[in-house]
Amino acid sequence: RMTDQIFISNDSECPWEYEIGEEGRDDVIRWRTLLSGDSTPSHGISMGTLEVPSGASLTTHYHSPLEVYYLTAGEGQLLCGDKIKNIRAGDVVYIPAKEVHGVKNISHNPLKLIWIFPRDTYSEITYHDAD
Numbered sequence: 006r007m008t009d010q011i012f013i014s015n016d017s018e019c020p021w022e023y024e025i026g027e028e029g030r031d032d033v034i035r036w037r038t039l040l041s042g043d044s045t046p047s048h049g050i051s052m053g054t055l056e057v058p059s060g061a062s063l064t065t066h067y068h069s070p071l072e073v074y075y076l077t078a079g080e081g082q083l084l085c086g087d088k089i090k091n092i093r094a095g096d097v098v099y100i101p102a103k104e105v106h107g108v109k110n111i112s113h114n115p116l117k118l119i120w121i122f123p124r125d126t127y128s129e130i131t132y133h134d135a136d
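The sequence shown begins at 6 in the working numbering and counts up one residue at a time.
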């Protein structure tokens, strides 16, 4: 499906994804995959959105490629190994390859971010628990 042509899609065309058993609930972390070479005519990058409800956390994990977050709404904490850094809408976070990280929403509104990996498909990303 890869192409070297411009294409446009809208996030409303991409279904929300959930952990198993949490489909359709509003009080759990959910994400949309917006660019991934196995479902869009793209290559070299995978991108999506993530929503973390108030009080919820994306548990600490790591993966082999680097990742970038761009926060579009809310406030939270970036859990970087044993350090905690405050993050908010407008922040860009660069996460080196194999760096342990997670996110906690500390506000009353959803924490929303865009994630980006320099990989053709999101399915190439293997998540490892930090524990």
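In this text, a Cβ means the ideal position worked out from N, Cα and C, and glycines have one as well. Fair warning: this is a prediction, and the values are worked out from it, not measured in the lab.
As a quick exercise: from the options, pick the residue whose alpha carbon is nearest that of residue i.
i, options, result
"D16", "Y23, W36 and D32", "W36"
"H113", "A78, T38 and S44", "A78"
"S62", "S44, G81 and G53", "G81"
"E24", "K90, T64, I50 and K88", "T64"
"D125", "C19, I13, P70 and D96", "P70"
I'd like to confirm the pairing. Which residues does DSSP put opposite residue i in its beta bridges?
i, result
"D134", "H66"
"L39", "Answer by DSSP bridge pairing: none, since L39 is not bridged."
"G81", "I92 and N110"
For residue i, count the other beta carbons within 10 Å of its own beta carbon; 16 or more makes it buried, fewer makes it exposed. Which is it?
i, result
"Y132", "exposed"
"S128", "exposed"
"I89", "exposed"
For a test of the three-state rule: what should DSSP assign to residue i, helix, strand or coil?
i, result
"E129", "helix"
"S59", "coil"
"S17", "helix"
"H106", "strand"
| message | Counting beta carbon pairs with one atom in the stretch 105-113 and one in the stretch 56-64, are three or more of them shorter than 8 Å? | response | Taking a cut-off of 8 Å for Cβ pairs, the stretch 56-64 and the stretch 105-113 touch, as three or more such pairs fall below it.
Taking 8 Å as the cut-off, does the stretch 71-81 touch the stretch 112-121 (at least 3 CB pairs, one atom from each stretch)?
Result yes; three or more Cβ-Cβ pairs closer than 8 Å.
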